[in-house]
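First comes the structure, then the notes that go with it.
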């Protein structure tokens, strides 16, 4: 799955956010690169159940609505839930790509704005608000 959020801002700050969500419901991997075949997964593969696009969309929209309401009341609850339910990368090496920029380091936390905190090899920390993150797997000898 993937999420793309773009903000619209004006003089008073962020006025709107456009959220795009993509979910792999079913995958046909024939002719796909080996790297993609190793990493790709779908709802059908994980649940052994084919979910229709309408059912998936209804579920995603329902959850977005519930969390949107929580966000308006207590943003800290959203951040705490995000930490609990996110991928188990805390303390692991990651790579984040944003355009031509690449940041590698250890995934430390997310901040109150939802930015991923990464500690670089030199000990400096950077907070990333956009990009495609992936866990780096160390080569085994």
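Residue numbers (the numbering used here): -5 to 135.
Yeah, the Cβ is synthetic: ideal placement off N, Cα and C, and Gly gets one too.
Values in this document were obtained by computation on a predicted structure and should not be read as measured data.
The bridge partners DSSP lists for residue 95 are 92. Rounded to the nearest whole angstrom, the CA to CA distance from residue -5 to residue 5 is 33 Å. Separation of residue 100 and residue 129 (C-alpha to C-alpha, rounded to the nearest whole angstrom) is 9 Å. Of the candidates 28, 127 and 61, the residue whose Cα lies closest to the Cα of residue 92 is 127. Shown here, residue 1 sits in a strand according to DSSP, grouped into three states. Taken through DSSP and simplified to helix, strand or coil, residue 106 comes out as coil.
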